[in-house]
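Positions 0 to 235 (numbering that gives the first Met the number 0) are the ones given, in order, by the sequence shown.
Idealized CB from N, CA, C, for every residue including glycine.
All figures in this text were calculated on a predicted structure; none of them were measured in a lab.
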Amino acid sequence: MRATGLEVTCKNCGFGSICLPRGLTQKEIEQLEDVVQRRKVLHKGDFLFRSGEAFHGLIAIKSGMAKLIFQDEHGQEHILAVLLPGELVGLDALSHYTYRCSAVALDTLSYCELPGKEISRICAKIPALFQEMLRHASDAIGTQREQMLFIKRPASQRLAAFILDLSQRLETRGFASDEFSLGLSRQELGSHLHLALATVSRTLKQFERAGWIELRSRSVKILNRQALADLLTSQD
Numbered sequence: 000m001r002a003t004g005l006e007v008t009c010k011n012c013g014f015g016s017i018c019l020p021r022g023l024t025q026k027e028i029e030q031l032e033d034v035v036q037r038r039k040v041l042h043k044g045d046f047l048f049r050s051g052e053a054f055h056g057l058i059a060i061k062s063g064m065a066k067l068i069f070q071d072e073h074g075q076e077h078i079l080a081v082l083l084p085g086e087l088v089g090l091d092a093l094s095h096y097t098y099r100c101s102a103v104a105l106d107t108l109s110y111c112e113l114p115g116k117e118i119s120r121i122c123a124k125i126p127a128l129f130q131e132m133l134r135h136a137s138d139a140i141g142t143q144r145e146q147m148l149f150i151k152r153p154a155s156q157r158l159a160a161f162i163l164d165l166s167q168r169l170e171t172r173g174f175a176s177d178e179f180s181l182g183l184s185r186q187e188l189g190s191h192l193h194l195a196l197a198t199v200s201r202t203l204k205q206f207e208r209a210g211w212i213e214l215r216s217r218s219v220k221i222l223n224r225q226a227l228a229d230l231l232t233s234q235d
């Protein structure tokens with residue numbers, strides 16, 4: 000899905016069941032549309048926001064992919080998450096009104112933004128909106144917890160889990176879930192999964208030789224989903 004000249008509102012957006020409008024009445028969605036800034040476009044490598052930058056709003060990805068990153072004291076980049084259409088980012092900045100990490104476009108990307116200066120007013124006007132924000136925050140915490148648990152698992156399980164999770168999230172959004180872009184380079188995958196570059200490359204090749212996947216640059220085609228799923232329950 001790529002950015003186009005077409006205008007998409009909260010009311011007719013295909014991600015209404017995933018993004019903030021979920022659970023809102025028609026009138027509440029129309030009130031939200033009055034303050035949401037729509038269809039901004041970025042290109043690969045562009046920042047949605049940077050760590051330490053003053054909070055300017057909550058961002059919902061409309062098309063394309065992004066990565067959420069932070070840099071340690073040595074300047075090393077660590078990838079916290081891969082963001083897909085319909086996912087919200089920036090909630091962690093609400094407490095101090097400063098972004099704690101950076102978000103970078105992985106390809107051509109469009110997004111909507113709920114301006115920070117409007118959040119308190121619109122939440123007071125639409126109480127259900129605050130509940131939706133809590134849902135997104137809770138989902139993010141749950142995902143981070145699962146990622147922390149998987150850091151202790153073998154490399155093969157980490158990569159299988161990443162591929163299957165991305166596939167499931169894409170399917171939920173109506174995209175192809177058997178053949179898709181991983182979004183990340185092999186080196187970036189290593190950063191995200193806490194694995195060495197050589198380990199990532201070797202493990203993916205093992206999956207390919209086993210007939211489980213087919214690799215095409217940064218894209219993957221799942222050939223044996225059950226084998227990947229079985230790997231996650233393996234004790235090896």
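For E29, there is no enclosing beta strand (DSSP E); the enclosing alpha helix (DSSP H) covers residues Q25 to E32. Looking at G182, T97 and K61, the one whose alpha-carbon comes closest to that of R215 is G182. H77 carries a strand assignment under DSSP once its states are collapsed to helix, strand and coil. The C-beta of F69 has fewer than 16 other C-beta atoms within 10 Å across all chains shown, which makes the residue exposed.
By the CB criterion at 7 Å, K220 and E170 fall outside the cutoff. Under the DSSP assignment, E207 falls outside any beta strand (DSSP E), being part of the alpha helix (DSSP H) whose first and last residues are L196 to R208. Secondary structure note for F48: its beta strand (DSSP E) is the uninterrupted segment F46 to F48. Here DSSP, grouped into helix, strand and coil, assigns L113 to strand.
The continuous beta strand (DSSP E) containing E213 extends over residues I212 to R215. Cβ contact annotation for R185 (same chain, cutoff 7 Å, sequence separation greater than five): L196, V199 and S200, in chain order. The continuous alpha helix (DSSP H) containing E187 extends over residues R185 to L192.
For S176, there is no enclosing beta strand (DSSP E), as DSSP marks it with neither H nor E. Here the alpha carbons of L165 and L231 stand approximately 15 Å from one another. In the three-state scheme derived from DSSP, where H, G and I count as helix and E and B as strand, L148 is classed as helix.
Three or more pairs of CB atoms, one per stretch, sit closer than 8 Å, so the segment 94-109 contacts the segment 45-58. Judged by beta-carbon spacing, L67 lies within the 7 Å limit of A102, meaning their Cβ atoms are closer than that value. When only Cα atoms are considered, E72 and E27 end up about 44 Å apart. For E145, the number of other beta carbons within 10 angstroms of its own is below 16, and it is reported as exposed. Residue state for R168 is assigned as helix, using DSSP reduced to three classes.
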